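All remarks here apply to the structure that follows.
2 protein chains.
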Amino acid sequence: MEDQTRPRRERILDAAEELFALHGYDGVTLRQIARRAGVDVALANYHFGRKLDLFQAVFERRAAFLNNARREALHRCQGEAGETGPTLEQIIEAFLRPLELAQETGDTGWRHYLALIAYINNSPYWGPKMMSHLFDALVQEFIEALGKALPDARREDLYWCYQNLSGALTLTLAQTRRIDNLSGGLCRSADLQAAYDHMIPFVAAGFRKVCSSRAEL
Amino acid sequence: MEDQTRPRRERILDAAEELFALHGYDGVTLRQIARRAGVDVALANYHFGRKLDLFQAVFERRAAFLNNARREALHRCQGEAGETGPTLEQIIEAFLRPLELAQETGDTGWRHYLALIAYINNSPYWGPKMMSHLFDALVQEFIEALGKALPDARREDLYWCYQNLSGALTLTLAQTRRIDNLSGGLCRSADLQAAYDHMIPFVAAGFRKVCSSRAEL
DNA sequence: CAGCGTATTCAACGGTTGTTGAATTTGCAA
DNA sequence: TTGCAAATTCAACAACCGTTGAATACGCTG
Numbered sequence: 001m002e003d004q005t006r007p008r009r010e011r012i013l014d015a016a017e018e019l020f021a022l023h024g025y026d027g028v029t030l031r032q033i034a035r036r037a038g039v040d041v042a043l044a045n046y047h048f049g050r051k052l053d054l055f056q057a058v059f060e061r062r063a064a065f066l067n068n069a070r071r072e073a074l075h076r077c078q079g080e081a082g083e084t085g086p087t088l089e090q091i092i093e094a095f096l097r098p099l100e101l102a103q104e105t106g107d108t109g110w111r112h113y114l115a116l117i118a119y120i121n122n123s124p125y126w127g128p129k130m131m132s133h134l135f136d137a138l139v140q141e142f143i144e145a146l147g148k149a150l151p152d153a154r155r156e157d158l159y160w161c162y163q164n165l166s167g168a169l170t171l172t173l174a175q176t177r178r179i180d181n182l183s184g185g186l187c188r189s190a191d192l193q194a195a196y197d198h199m200i201p202f203v204a205a206g207f208r209k210v211c212s213s214r215a216e217l
Numbered sequence: 001m002e003d004q005t006r007p008r009r010e011r012i013l014d015a016a017e018e019l020f021a022l023h024g025y026d027g028v029t030l031r032q033i034a035r036r037a038g039v040d041v042a043l044a045n046y047h048f049g050r051k052l053d054l055f056q057a058v059f060e061r062r063a064a065f066l067n068n069a070r071r072e073a074l075h076r077c078q079g080e081a082g083e084t085g086p087t088l089e090q091i092i093e094a095f096l097r098p099l100e101l102a103q104e105t106g107d108t109g110w111r112h113y114l115a116l117i118a119y120i121n122n123s124p125y126w127g128p129k130m131m132s133h134l135f136d137a138l139v140q141e142f143i144e145a146l147g148k149a150l151p152d153a154r155r156e157d158l159y160w161c162y163q164n165l166s167g168a169l170t171l172t173l174a175q176t177r178r179i180d181n182l183s184g185g186l187c188r189s190a191d192l193q194a195a196y197d198h199m200i201p202f203v204a205a206g207f208r209k210v211c212s213s214r215a216e217l
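Structure follows, in structure tokens:
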């Protein structure tokens, strides 16, 4: 059920990550988590304290790594672009590809982790409590870069476009397999390369349309 | 807390709708719902049976009305367009505007209902169980229409673009107020007209970019 | 092997959950 | 008013929840 050689503390995080991503915070029991980790119930409390602290520990385990990967991708494309700055597509690519890479790792934990991010980002309850603490600084950096690539954009238009990007990304991270059913098997949620290969030009075209000079809405 | 003149059965649905939208299925107690409705716990079971049946009753109450409104909007723009068929923007408008209209009603129940739709659409657990039953027929009609407006589009590209549209819409329906914080008050989640006025050209440009003739990804 | 701190389990607690059957109230027809 | 069915409440059930303190096992240093 779970790799019995890993340290128990990690196994609890793994199990919590997966189950929280699938059923949400209230849909999962500490006893379910413990059973999946092959561990006694009380051990979760011993290592993490209250249930809510375990929930947050799951986020913090991978947050720094993920933010660094995305920030480095942005800085790299900025460095390569030089004076003129990177193109819209390059910025969006820097924002999205690190996620695809993480999802395609052998470590399935990343898939669960990003599905969990999708869960809180879409939740009116958790979203305000957790998203800004985790991602605000990084997102503002990207919006800054997008503004330079679209010099005529109004500030508010950039934020609305970012919300559209964030929503499209969130649904892909959630891995609901809805597109599998809808397309009759023609598209598969698990085909992440196809997902991002379609998302990047889609989103870039949207930004350009809405944020180009003197665009009338 | 809740309009005491409405029939109790409706008040239970109202309370369930609002609380489920905010906290999800497992995050809400039948006792919380009953208290909010000003009613005894057992009454929910009397009217709806198990908790899961109440959950589904919430969806079915407004599903037919919503699907009819969107289908009529599509048929209307198809009728007006005549031979050539409606433009991409007109189809997307028919898909989205009925939602904006519902959200802007005095009836706040619609806002909660659509936030609940966002919750299940983004959930790996509920999505497959509920979305296709509720919306598949309607969505296929829209994809059909989109395919006619983009005659060179490959079938799979249409579905991937629809997923991007669905994601952007879902995050807006969820009403998480994240954009309010992120933009420092410049944009407000509650400003639905601004949300849809930005979403429609954004999405239309994305479809065109990805689905136009011989586009290379 | 002794000793000691950490990791893990055991057993139990008070509180809450969904659900139910019986009792009570309500609304309306005869 | 009586009678009867639908609506609503009351009281209680077994099951499960998160959490805790004490007891046990483990892993290391001396």
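Sequence lines, in order, name chains A and B. Counting from 1, one number per residue, gives the positions in the first sequence under full-length UniProt numbering. Counting from 1, one number per residue, gives the positions in the second sequence under full-length UniProt numbering. Glycine residues also receive a C-beta, built at the ideal position from the N, C-alpha and C atoms. The model shown is predicted, which means the values in this text are computed figures rather than measured ones.
Pop quiz: residue i and residue j are said to be a contact at Cβ under 8 Å. What is the actual Cβ separation, rounded to whole angstroms?
i       : j       : result
L116(A) : A21(A)  : 4 Å
L182(B) : Y159(A) : 6 Å
R71(A)  : Y113(A) : Not quite, the Cβ-Cβ distance comes to about 18 Å (not below 8 Å), so this is no contact.
V210(A) : D157(A) : 5 Å
L52(A)  : A44(A)  : With a Cβ gap of about 12 Å, L52(A) and A44(A) do not count as contacting.
V203(B) : I91(B)  : Between I91(B) and V203(B) the Cβ distance is about 10 Å, and since that is not below 8 Å, they are no contact.
H133(A) : Y125(B) : With 8 Å as the limit, H133(A) and Y125(B) do not qualify as a contact, their Cβ atoms being about 26 Å apart.
Do you know offhand how far residue i's Cα is from residue j's?
i       : j       : result
F65(B)  : Y196(B) : 21 Å
L186(B) : T176(B) : 15 Å
E104(A) : P98(A)  : 10 Å
G85(B)  : I179(A) : 26 Å
D26(A)  : D26(B)  : 5 Å
R11(B)  : I143(A) : 43 Å
R50(A)  : A34(A)  : 14 Å
E141(A) : F59(A)  : 21 Å
M131(A) : G82(B)  : 47 Å
G167(A) : F207(A) : 14 Å
L138(B) : T5(B)   : 35 Å
F48(A)  : A102(A) : 25 Å
E89(B)  : N68(B)  : 20 Å
G79(B)  : E100(B) : 22 Å
E2(A)   : P201(A) : 39 Å
E17(A)  : R9(B)   : 38 Å
R111(A) : G127(B) : 17 Å
A149(B) : T29(B)  : 47 Å
F135(B) : V39(B)  : 32 Å
A174(B) : A194(A) : 26 Å
A94(A)  : G184(B) : 24 Å
T170(A) : L169(B) : 11 Å
P7(B)   : Y46(B)  : 14 Å
L19(B)  : V41(A)  : 29 Å
C161(B) : K129(A) : 30 Å
R31(A)  : G106(B) : 44 Å
C77(A)  : C77(B)  : 44 Å
Identify which residue in the options has its Cα closest to the Cα of residue i.
i              : options                               : result
N122(A)        : Q163(A), R188(A), R9(A) and E100(A)   : Q163(A)
R188(A)        : I200(A), F202(A), T172(A) and V203(A) : T172(A)
H198(B)        : L99(A), H23(A), L165(A) and R6(A)     : L165(A)
F190(A)        : T108(A), A15(A), D3(A) and A57(A)     : Checking the sequence, you will find Ala at residue 190(A) rather than Phe. Measuring from the Cα of A190(A), the nearest candidate turns out to be T108(A).
H75(B)         : L150(B), G184(B), L146(B) and Y46(B)  : L146(B)
A57(A)         : R31(A), D14(A) and L169(A)            : D14(A)
F155(B)        : Y46(B), S212(B) and P7(B)             : For the record, residue 155(B) in the displayed sequence is Arg; it is not Phe. Ranking the options by Cα distance to R155(B), first place goes to S212(B).
residue 218(B) : K129(B), A205(B) and L96(B)           : Because chain B in this structure spans residues 1 to 217, residue 218(B) falls outside the shown range and cannot be described.
A205(A)        : A42(A), V41(A) and T87(A)             : T87(A)
Could you check what DSSP says for residue i in three-state terms: helix, strand or coil?
i       : result
R50(B)  : coil
Y25(A)  : coil
P98(A)  : helix
Q4(B)   : coil
Y119(A) : helix
G85(A)  : coil
P104(B) : As written in the sequence, residue 104(B) is Glu, which differs from the Pro given in the question. Three-state result, E104(B): coil.
V39(B)  : coil
Y113(B) : helix
For the segment 129 to 201 of chain A, list the beta strand (DSSP E) runs that are entirely contained and at least 3 residues long, ordered along the chain.
none
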